[in-house]
Structures are given as C-alpha cells and as structure tokens.
Amino acid sequence: MTTATDAHASRQPTDAAAPDRGAVVIDAVTKRYGDQTAVDDLSLSIEPGEFISLLGPSGCGKTTTLRMIAGFENPDAGDIRISGQSVLAAPPYRRDVNTVFQAYALFPHLSVAENVAYGLQQRRTPKADIRERVSQALDLVQMRRFADRKPTQLSGGQQQRVALARALVNRPAVLLLDEPLGALDRQLREEMQLELKLLQARLGITFVFVTHDQGEALSMSDRIAIMRSGRIEQLADADTVYARPSSAYVAAFVGQQNFFRGDVSDGGTTVVSAHAVVKGDVPRLAGAPRGEAAVRPENIRITAATARAGTAEVNRAQGELIGVSHLGDTMQYLVKLSDDQSLIVRRPTPDAPSLRIGDPVSCEWLPTHVLLFPLDDAAEAGGYIAPPTN
Numbered sequence: 001m002t003t004a005t006d007a008h009a010s011r012q013p014t015d016a017a018a019p020d021r022g023a024v025v026i027d028a029v030t031k032r033y034g035d036q037t038a039v040d041d042l043s044l045s046i047e048p049g050e051f052i053s054l055l056g057p058s059g060c061g062k063t064t065t066l067r068m069i070a071g072f073e074n075p076d077a078g079d080i081r082i083s084g085q086s087v088l089a090a091p092p093y094r095r096d097v098n099t100v101f102q103a104y105a106l107f108p109h110l111s112v113a114e115n116v117a118y119g120l121q122q123r124r125t126p127k128a129d130i131r132e133r134v135s136q137a138l139d140l141v142q143m144r145r146f147a148d149r150k151p152t153q154l155s156g157g158q159q160q161r162v163a164l165a166r167a168l169v170n171r172p173a174v175l176l177l178d179e180p181l182g183a184l185d186r187q188l189r190e191e192m193q194l195e196l197k198l199l200q201a202r203l204g205i206t207f208v209f210v211t212h213d214q215g216e217a218l219s220m221s222d223r224i225a226i227m228r229s230g231r232i233e234q235l236a237d238a239d240t241v242y243a244r245p246s247s248a249y250v251a252a253f254v255g256q257q258n259f260f261r262g263d264v265s266d267g268g269t270t271v272v273s274a275h276a277v278v279k280g281d282v283p284r285l286a287g288a289p290r291g292e293a294a295v296r297p298e299n300i301r302i303t304a305a306t307a308r309a310g311t312a313e314v315n316r317a318q319g320e321l322i323g324v325s326h327l328g329d330t331m332q333y334l335v336k337l338s339d340d341q342s343l344i345v346r347r348p349t350p351d352a353p354s355l356r357i358g359d360p361v362s363c364e365w366l367p368t369h370v371l372l373f374p375l376d377d378a379a380e381a382g383g384y385i386a387p388p389t390n
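Counted the way the UniProt record's numbering counts, the sequence shown spans residues 1 to 390.
Here it is in structure tokens:
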C-alpha cells in the first residue's frame, strides 16, 4: 500500500470541527488520455461521513476518478473540492485524504508498528504522539498484538489491516480505497467487508470505495455510483439500484438477470420475444417499437411440465432442465429455452422442487417482478450479454 501522506511535507491545516469536513464535490470533471476520455463531465457530491462506492467494469473511469480526488491525476476540466476547498492546486500530500490500494506495499524490513508510524515520522510528529496514535490505529484494526511482527509474518487479511491502520493513523477526512480487498480469498474478503463497514461507522469519516464487485458495493455502501464510459449511470442506495435499476446496463451489472428482447406491445407493458411474452405492470416502453424485459432468477417459479406448450403464454416459458447447482441456502436451476437462450432460476433450498436433468420444466413469474427497458445494444456488463435480436 502507498498512501497520499507518505511524503516529506505536511498537509494544510484543517478544522476538524468544520461541519463540511469530509465532504467531496466533483464538479463537471473530465479527464482524457490522448483521444480517449476516461471521465466525461462527471459531477458527484459526497456527504461528510458517507460510505460511497464507485462500481463498474474495467475501463469505466472509477479508478481515474479516485486518483483525481487523491491528487495522483489532474482533471482536464472541472473542479474537485474537499471539505469545501478546491484542491486542484494541492499536491497529494496537502490533501486531507489517504489512499489504500489493492497492493498494500508494506515495507518488509519494518515492523507493523514502524510501518504504521512511517507517515507520522515523515511529518516530524513528536515521538510521544507517534506512539499514542500508532497504538490507537492498531487497536482500531485489532492488530496491536502483532505490532512487532514483520509483514512477511502476517496473513493477507492481517496485512490489509496494517495498510488500513497506516492510512487511518494520519486521521484523514476522507479515506480512498481502490479495490482494497481484491487480493483476498472469498471468505476473508466477506469478513473484511463487514469489518470495513463497522470501522467506518465507528470513525464517522468519509469512505470512497472503488470496486468492480457488486457484492462489496451492495453490502457496505450508503450509496452506489454505477459508472459507465466515464459517467454515472445511476446513483442511489443499494435497495434502489437492485430493485429499481435505471437502465438495462445497471440491471445487468447489479445481480443477475434473465433478459428477453423483442417487439413492444400492449401500450408499452409487454415485450414479445421468441421465447416468452413478458408483461410488466407499468407501461414503461410506451412508444418504443422494441425493448427488453428482465426478470431476476429468485423471482421465477419452476415446476415440472408434462409437455411443451404449443403457444407462448404470458410470463411463462418452458424448456429443458440442463443444470442443477446447490448453493447452500439456495438451489440454482439452468433451463434451456433454445440453442441461443437459457434461464437461471433460484429457489430457497427448503422449498426447491426435486427435478432431474433432462426434465421438461415450466418457469413463470409475476408482472410485478418484470423490469422493462428500451433496447440497449451497448449494455454489456458483468455476466450479461444481451441475447441475439430476433
């Protein structure tokens, strides 16, 4: 890990009692690399003490945005304000932020305590204050008993805690985290997600978290900014982006979806695809000739079918069961509708039907569980690749 305060100069003084300390405002910021626009006229206001995630696939501009807040990159246009002050002219070490990266970059020849103290030493903090603040930082991440160990004697999760302590010891107004859990295994990553959220709630400082992992963003964030091509596609809390995504792109990136493409009918409430007639409860596609409908796997009911239906029924599709997976508290079924489309269905394990590979099955869902979107040929994100246009 490297931090914005591992430098030989100190920050500008900050009034810790200021009501806007930790507020971040990104105002119409653009960043280009040659003829490529990484961030495109982006505006975002982050409240003091908020945990916000920048979520999106590689190349969407999330890390570039974080690096501009930190001062490692300069915008070509727009302004960035931290705690009410523009920081465009301020180098990284004069910004009231710290950054934690996926690569912790701890000094291997220094102990845990010495790693955490390094930034304070560079700022010529009095030794007594260093000892006290290092102890406090290590207590925050439950690492004081490892203070004398070298980084090579620690696990990946322990090294991550040390990296956090080194960032927090300087008491920044804003902590920037760039994919900090990416190098950890799944179980440890989930444990650290909980610890990070608890730590942020305890400290009350602003966290700006960059990730491509939807689970991380959903589990920790007060709000999520889902990015696409250098812009924010949707900014909302986790419940909203999951249940009411603003576009097919967001719907596809946050959780899994089953998508159907086809002609729009019934005044904008229905998409007629080659595999199903999918009807929603709101006319969201009024006036659109074609669109796509999405249904989440957990909202589909699956039962055995005696025979394939001759005609398509509203909100029902029939196919062949080609896969069954036990996911612990959930059973997942893969249903082949045709050579070019299948459905994913998930049911709670206690209520999951007993079905065998090769069985004909029927899948159905309610109109209230249908999301309707205008056709978006460019909306390919996460595991979603839109089925072929019929």
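The beta carbon of each residue, even a glycine, is placed where N, CA and C say it ideally should be.
1. Going by other Cβ atoms of all chains shown within 10 Å of its Cβ, with 16 needed for buried, is PRO92 buried or exposed?
2. Helix, strand or coil: how does DSSP classify GLY56 here?
3. Given this structure, state the Cα-to-Cα distance separating ARG32 from SER135, to the nearest angstrom.
4. So, using beta-carbon positions, are GLN160 and PRO180 closer together than 8 Å?
5. Quick one: Cα of LEU55 to Cα of ASP351, how far?
6. Going by beta carbon distance, what residues of the same chain come within less than 7 Å of VAL169, once the five residues before and after it are set aside?
7. Mind checking which residues open and close the alpha helix (DSSP H) that includes PHE253?
8. Under three-state DSSP, which class holds ASP239?
9. Quick one: is GLY267 buried, meaning 16 or more other Cβ sit within 10 Å of its Cβ, or exposed?
10. What is the DSSP secondary structure of ASP192, counted as helix, strand or coil?
11. Could you say which of LEU343, GLU190, LEU42, LYS62 lies nearest to THR211 if we only look at CA atoms?
12. Using the three-state DSSP reduction, which class does SER229 fall into: helix, strand or coil?
13. Could you check how far apart the C-beta atoms of GLU233 and SER219 are, in whole angstroms? I think they sit under 8 Å.
14. Would you identify the three-state DSSP class for PRO360, choosing helix, strand or coil?
15. Go ahead and label ALA381 buried or exposed: buried means 16 or more other beta carbons lie within 10 angstroms of its beta carbon, across all protein chains shown.
16. Enumerated in chain order, which unbroken segments of the beta strand (DSSP E) with a length of 3 residues or greater are wholly contained in the stretch 287-329?
17. Could you tell me whether the stretch 147-157 touches the stretch 72-82, using the rule of 3 or more Cβ pairs below 8 Å?
18. With a threshold of 16 other CB atoms inside 10 Å of the CB of HIS275, please say whether the residue is buried or exposed.
19. Using a Cβ-Cβ cut-off of 6 Å (strictly less than) and excluding sequence neighbours within five positions of PRO13, which residues of its own chain qualify?
20. In whole angstroms, give me the CA-to-CA distance for PRO269 and LEU366.
21. Excluding the 5 residues flanking GLY319 on each side, which residues of the same chain have their C-beta closer than 6 Å to its C-beta?
22. Near LEU177, what residues of its chain come up, given a Cβ to Cβ distance below 6 Å and the 5 sequence neighbours on each side ignored?
23. Measuring alpha carbon to alpha carbon, tell me which of GLY291, VAL324, PRO297, VAL277 ends up nearest GLU313.
Taking the definition as stated:
1. Looking up residue 92 in the sequence shown gives position 92. Label assigned to PRO92: buried.
2. The residue labelled residue 56 in the question sits at position 56 within the sequence shown. In this structure, GLY56 counts as coil in the three-state DSSP scheme.
3. By 1-based counting over the sequence shown, the position of residue 32 is 32. By 1-based counting over the sequence shown, the position of residue 135 is 135. Their Cα atoms are separated by approximately 42 Å.
4. By 1-based counting over the sequence shown, the position of residue 160 is 160. By 1-based counting over the sequence shown, the position of residue 180 is 180. Yes, Cβ-Cβ distance for GLN160 and PRO180 is below 8 Å.
5. The residue labelled residue 55 in the question sits at position 55 within the sequence shown. The residue labelled residue 351 in the question sits at position 351 within the sequence shown. So the alpha carbons of these two residues sit roughly 33 Å apart.
6. As a first step, residue 169 is located in the sequence shown; it is residue number 169 there, counting from the start. Same-chain partners within the cutoff: VAL116, GLY119, LEU120, ARG133, VAL134, ALA137.
7. As a first step, residue 253 is located in the sequence shown; it is residue number 253 there, counting from the start. 248-253 is the span of the alpha helix (DSSP H), which, as asked, contains PHE253.
8. On the sequence shown, position 239 is the one that residue 239 refers to. ASP239 sits in a helix when the DSSP states are folded into three classes.
9. Counting from 1 along the sequence shown, the entry for residue 267 is found at position 267. Per the 10 Å Cβ criterion, exposed.
10. Within the sequence shown, residue 192 is the residue found at index 192, counting from 1. The question names Asp, but residue 192 is Met in the sequence shown. If DSSP states are grouped into helix, strand and coil, MET192 belongs with the helices.
11. Along the sequence shown, read from residue 1 onward, the residue named residue 211 stands at position 211. Considering only LEU343, GLU190, LEU42, LYS62, the residue with the shortest C-alpha distance to THR211 is LYS62.
12. Counting from 1 along the sequence shown, the entry for residue 229 is found at position 229. Here DSSP, grouped into helix, strand and coil, assigns SER229 to coil.
13. Taking the sequence shown and counting its residues from 1, one reaches residue 233 at position 233. Taking the sequence shown and counting its residues from 1, one reaches residue 219 at position 219. SER219 and GLU233 do not touch by the CB rule: their CB atoms are close to 20 Å apart, not below 8 Å.
14. Taking the sequence shown and counting its residues from 1, one reaches residue 360 at position 360. It is a strand residue.
15. Walking along the sequence shown from the start, residue 381 turns up at place 381. Reliability fails at ALA381, whose pLDDT of 41 lies under 50, so the model's placement of it is uncertain and no value is given.
16. 290-295, 301-304, 316-326
17. no
18. The sequence position of residue 275 within the sequence shown is 275, counting from 1. Burial call: buried.
19. Taking the sequence shown and counting its residues from 1, the one referred to as residue 13 is at position 13. Unreliable placement is indicated for PRO13, whose pLDDT of 39 sits below 50; no coordinate value is reported for it.
20. As a position in the sequence shown, residue 269 is number 269, starting the count at 1. As a position in the sequence shown, residue 366 is number 366, starting the count at 1. In the sequence as displayed, the identity of residue 269 is Thr instead of Pro. Whole-angstrom Cα-Cα distance: 13 Å.
21. One-based indexing of the sequence shown puts residue 319 at position 319. Counting only Cβ-Cβ distances below 6 Å, and skipping sequence neighbours, we find VAL335, LYS336, LEU337.
22. On the sequence shown, position 177 is the one that residue 177 refers to. Leaving aside the five residues that flank LEU177 on each side, the residues in its chain whose CB is nearer than 6 Å to its CB run, in chain order, VAL100, PHE209.
23. The sequence position of residue 313 within the sequence shown is 313, counting from 1. Of GLY291, VAL324, PRO297, VAL277, the residue nearest in Cα terms is VAL277.
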